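Undergrad:
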Amino acid sequence: MAAYRDTLTAATSPRAALRALLQGDRAVSAASVFDPLSARSASLLGYEFGMLGGSVAAMVVLGAPDVALLTLGELTAQVRRITRASPDLPLLVDADHGYGNALNVHRTIADLEHAGAAGATVEDTELPAAFGSTGTGLISRAEGEGKIRAALAARRDGRFAVVGRTAAARITGIDDALDRAQAYQDSGADAVFLQGIRTREALEKVARRLLVPVILGGVAAEIDDPDLLASHGVRLLVRGHRPFEAAVEATHARHRVERAGSALPAELNGEELLARLRGDHDLADLAQRVLHPLRPAVDEPA
Numbered sequence: 001m002a003a004y005r006d007t008l009t010a011a012t013s014p015r016a017a018l019r020a021l022l023q024g025d026r027a028v029s030a031a032s033v034f035d036p037l038s039a040r041s042a043s044l045l046g047y048e049f050g051m052l053g054g055s056v057a058a059m060v061v062l063g064a065p066d067v068a069l070l071t072l073g074e075l076t077a078q079v080r081r082i083t084r085a086s087p088d089l090p091l092l093v094d095a096d097h098g099y100g101n102a103l104n105v106h107r108t109i110a111d112l113e114h115a116g117a118a119g120a121t122v123e124d125t126e127l128p129a130a131f132g133s134t135g136t137g138l139i140s141r142a143e144g145e146g147k148i149r150a151a152l153a154a155r156r157d158g159r160f161a162v163v164g165r166t167a168a169a170r171i172t173g174i175d176d177a178l179d180r181a182q183a184y185q186d187s188g189a190d191a192v193f194l195q196g197i198r199t200r201e202a203l204e205k206v207a208r209r210l211l212v213p214v215i216l217g218g219v220a221a222e223i224d225d226p227d228l229l230a231s232h233g234v235r236l237l238v239r240g241h242r243p244f245e246a247a248v249e250a251t252h253a254r255h256r257v258e259r260a261g262s263a264l265p266a267e268l269n270g271e272e273l274l275a276r277l278r279g280d281h282d283l284a285d286l287a288q289r290v291l292h293p294l295r296p297a298v299d300e301p302a
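Residue numbers (full-length UniProt numbering): 1 to 302.
(1) Count the other C-beta atoms from every protein chain shown that fall within 10 angstroms of the C-beta of R40, then say buried if there are 16 or more, exposed otherwise.
(2) If we call anything under 8 Å between Cβ atoms a contact, is T108 one with L72?
(3) May I ask you to report which of helix, strand or coil DSSP gives I215?
(4) Which residue's Cα is closest to the Cα of D35: F49, I139, A220, F244?
(5) Measuring alpha carbon to alpha carbon, tell me which of G63, A250, A85, V93 ends up nearest L75.
(6) Grab the span of the beta strand (DSSP E) containing D94 for me, first residue to last.
(7) Pair every Cβ in the region 180-187 with every Cβ in the region 137-147, then say whether three or more of these pairs are closer than 8 Å.
(8) In angstroms with no decimal places, state the Cα-to-Cα distance between E271 and L138.
(9) Does the separation of the CB atoms of V105 and L91 fall below 8 Å?
(10) Taking the beta strand (DSSP E) that G119 belongs to, which residues open and close that run?
(11) Mind checking G261: buried by the 16 CB within 10 Å criterion, or exposed?
(12) So M51 packs on V192, CB below 8 Å; how close in whole Å?
(13) Can we count R40 as close to the ligand SAM, meaning its CB is less than 7 Å from some heavy atom?
(14) For D25, count neighbouring Cβ atoms within 10 angstroms of its own Cβ and tell me buried if that reaches 16, exposed if not.
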């Protein structure tokens, strides 16, 4: 494991890998990652790309719900930690609404690209929630198109994937979702991320309408078939962020056991796995080479 590698060249190769997935013929599931160790775990298990969700980033960094409290600087810092620790895992980042208007989106994409992300999604949800709102709102289609154009103008590496994202299918309906997705496609987005596609009928509408690769957020049982999804233009799947939930649950359970003074099950000892994820062997090898002389010390003449 290439621990402690932090170079610009290392940060560009995963973009080609993510591009290849988008241009392939399979529906590939993301590893939900949220910090350096979770990203290394995904790499160790052979995942082809990772996804950092905005809701997860808010919980990891702030311990807060997904209500647009996280700042761009906080997100970018977490992305940099992840890509530094696992530079070969393509990382798709949920950039929420781009942290403001189209000009803010331009800054967001520039910062995420510099932090080593392979791509980012920009959504058309109205964030933060407007005063007096009673549900999830959407910005206008025209504003969403402007955000995609801004994202494309910001990137310096053409392999960085700009993804237009909408949850309109579960807010205003499938027809509006497809109108928005096509608008983002026509604005130059490399892919579109759709939430709320739950039926085969909806999936077929997506396939008939869109030409760019499709990313699905959440996969309902009716369409949870990789071959079916692939044949309808779906290239990437984000199944949710259960790994983080599991990590929190396991931590809480461990705290409960230790607080009660109970005996600790031996099988919960994860030191060997942690050593692999931390890169202990690589760091020890590096230390041997750079913290010790190459040749035995020779006494200098008096």
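Cβ coordinates follow ideal geometry from the N, Cα and C atoms, glycine included. Keep in mind it's a predicted model, so treat the numbers as computed, not measured.
TA: Quick look at the numbers:
(1) buried
(2) yes
(3) strand
(4) F244
(5) V93
(6) 91-94
(7) yes
(8) 46 Å
(9) no
(10) 119-123
(11) exposed
(12) Incorrect: roughly 15 Å between the Cβ atoms, too far for contact.
(13) Looking for the ligand SAM in the displayed structure turns up nothing, as the structure carries no ligands at all.
(14) exposed
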